[in-house]
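Peer 1: Quick note on our numbering: the sequence shown kicks off at 3 and runs consecutively. Using N, Cα and C, we set each Cβ at its ideal position, and we do this for glycine too.
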Amino acid sequence: AESRLNQAQKEHQLQIDALNERVNILEAQVRSSSRATFEERRKRIEAESALNAAQSNFLDKRDTQSAEIDELKLRLQSEAYAGRQALQAELQGATDRLSNQRDQALIER
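1. Nearest-angstrom Cα distance between Asp62 and Glu48?
2. What residue range does the alpha helix (DSSP H) around Ala69 cover?
3. At the level of alpha carbons, what is the spacing between Arg24 and Gln31?
4. For Ala193 and Leu78, what's the separation of their Cα atoms in angstroms?
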């Protein structure tokens, strides 16, 4: 009976050792998986950060270009208005000269 008890204890210990080995393997897999998950998370955060920086840079450039375009529009409108005013003044001067010449010609007749 003692021999059978010793044999059962040995078999039981072998089962415990096998289970412990399996636990060690599973723990190693969990650690490896956790590292991989951490790496994936780190890479995703880096990619999101790079994307956010690119979007911010794009928006800054767009805002700068919009401001430059608005400034150019205002300058062109101002120049166009000044040009129209100058042309109207020139036209009025020419009209006045022609009117004066016509009046002078009528007086001389």
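Peer 2: With the structure as the only source:
1. The alpha-carbon of Asp62 is positioned some 21 angstroms away from that of Glu48.
2. DSSP places Ala69 in the uninterrupted alpha helix (DSSP H) bounded by Glu4 to Glu110.
3. Roughly 11 angstroms between the two C-alpha positions.
4. Only positions 3 to 111 of the chain appear in this structure, which leaves residue 193 out of reach.
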